[in-house]
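In what follows, a single structure is set out as structure tokens and then discussed.
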Amino acid sequence: MPYHEPVVLERRELGALILARWLAPELAHAVRPGQALLTRCAPPDSDDPLLRRTLFPAGADPHAGVVEVLLAPEERGLAWLAAQPPGARLDVYGPVGNGFTLAEPTCNLLLAGAGSAVPGLLHLARIAVARGVAVVLLVAATGAEMLPPPFLLPSDVEYLTSATGEADLPALLAATRPGGPTLSRGPLGWADQFCLGLAAHLLPPVVEMVRAGTLRWERGFAQVALPGVMPCGVGACQGCLVETRDGARLGCKDGPVFDLRELRF
Ligand code: FES
């Protein structure tokens, strides 16, 4: 059963974010970038809030048995979770869903995101760099204190940010020149794979950029991890529906990572 009881090892404040390290050996072995952990965010004697929160881990170390999460305590459930001290025992269901697929021929990986799915991009960046892939990561946030600090990433990652709002991700994409300002190719021309972590309502302008900025508007080029509530995580409640070209799909079973071409806007 994919229920786990991680123990909090460490809790560290990073601006407005909290980095927590959990001891969870089975989970650290199992979880892949872009998979979700449905985490109970209430004490054992309370059902408030009732719904588990959907987290994308920022990293996992199978050898140490440790999972890292980066929390933005913006609402009471995540605030409770972020406040748990070392030694606290948690209640996690997962990993849920498919995760990102890193294609074997990928040499230049572009990552871009905003909001609660960004930690999944950090996780993917770490794994891709270990495989020798060149990685550019773009993150947009509302305020510098909401940006993941660079030390969470391998030094080889080219990391660019905007602190003027999550909706500014398309502008950041348009302004970026991977490899430095002397290269004329935009990031979509540079990349041979593109992975996003972004809420569905922020996707349309990015989709237009992909269509306009590359000839590779093809399945397999761009994937997106969609954050969102997953009430059951097992395909039973229909509470995580995502509209695709083939009809409604379940975020917890068919996602949370979808090919960008499959989504309907
Ligand atoms: S979370 Fe219940 S069906 Fe997906």
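Taken in order, the sequence shown gives residues 921 to 1185; the numbers are from our numbering. Beta carbons are placed, not taken as given, at the ideal position from N, Cα and C, and that holds for glycine. Since this is a predicted model, take the numbers as computed values, not measurements.
Close-in-space but distant-in-sequence residues of the same chain around residue i (CB under 6 Å, 5 per side omitted)
| i | result |
| --- | --- |
| residue 934 | 1069 |
| residue 1011 | 960 |
| residue 1055 | 1029, 1045, 1048, 1049 and 1077 |
| residue 1110 | 1028 and 1098 |
| residue 1242 | Within the shown structure, residues of the chain are numbered from 921 to 1185, placing residue 1242 beyond reach of any answer. |
| residue 1163 | 1184 |
| residue 1116 | 1032, 1033 and 1144 |
| residue 1002 | 938, 991 and 993 |
| residue 1176 | 956, 1017, 1145 and 1146 |
Terminal residues of the alpha helix (DSSP H) in which residue i lies
| i | result |
| --- | --- |
| residue 1117 | Element bounds for residue 1117: not the alpha helix (DSSP H) but the beta strand (DSSP E), 1113-1117. |
Burial state of residue i, where buried means 16 or more other Cβ atoms lie within 10 Å
| i | result |
| --- | --- |
| residue 973 | buried |
| residue 956 | buried |
| residue 949 | exposed |
| residue 1125 | exposed |
| residue 1102 | Residue placement at residue 1102 cannot be trusted, given a pLDDT of 43 that sits under 50; what the coordinates show is reported in the next sentence. Counting Cβ neighbours within 10 Å, residue 1102 comes out exposed, since fewer than 16 surround it. |
| residue 988 | buried |
| residue 1036 | buried |
| residue 941 | buried |
| residue 1145 | buried |
| residue 1133 | buried |
| residue 944 | buried |
| residue 983 | exposed |
| residue 1107 | buried |
| residue 977 | buried |
| residue 1142 | buried |
| residue 952 | buried |
Residue range of the beta strand (DSSP E) that includes residue i
| i | result |
| --- | --- |
| residue 994 | Taken as a continuous stretch (DSSP letters only), residue 994 belongs to no beta strand (DSSP E), as it is neither H nor E. |
| residue 1130 | From DSSP, residue 1130 is part of no beta strand (DSSP E) but of the alpha helix (DSSP H) over 1123-1133. |
| residue 934 | 927-934 |
| residue 1093 | Segment 1089-1095 is the alpha helix (DSSP H) holding residue 1093; no beta strand (DSSP E) there. |
| residue 1168 | 1167-1170 |
| residue 1108 | Run containing residue 1108: none in the beta strand (DSSP E); it sits in the alpha helix (DSSP H), 1107-1110. |
| residue 1164 | 1161-1164 |
| residue 1145 | 1142-1145 |
| residue 1177 | 1177-1179 |
Own chain residues within Cβ distance below 7 Å of residue i, not counting five before or after
| i | result |
| --- | --- |
| residue 1005 | 928 and 931 |
| residue 1059 | 1033, 1034, 1038, 1067, 1068 and 1081 |
| residue 923 | 1013 |
| residue 996 | 969 |
| residue 1083 | 1061, 1063, 1064 and 1067 |
| residue 1023 | 1113 and 1140 |
| residue 1157 | 1151 |
| residue 971 | 1149 and 1151 |
| residue 1120 | 1146 |
| residue 1155 | 1170, 1172 and 1173 |
Neighbourhood of residue i by C-beta distance below 8 Å, restricted to the same chain and skipping five residues each side
| i | result |
| --- | --- |
| residue 947 | 924, 926, 957, 980, 987, 1012, 1014 and 1015 |
Residue ranges of each alpha helix (DSSP H) run of no fewer than 4 residues wholly in the region 1009-1081, ordered along the chain? With a minimum length of 4 residues, the continuous alpha helix (DSSP H) runs that stay inside the region 1009-1081 are 1038-1050.
At 3 residues or longer, what runs of the beta strand (DSSP E) sit wholly inside the region 937-1003? DSSP runs (the beta strand (DSSP E)) wholly in the region 937-1003: 937-943, 956-959, 973-975, 979-981 and 986-991.
Check whether the region 1087-1098 and the region 1126-1133 are in contact - that is, three or more C-beta pairs closer than 8 Å. Yes: the two stretches touch, three or more of their Cβ pairs being nearer than 8 Å.
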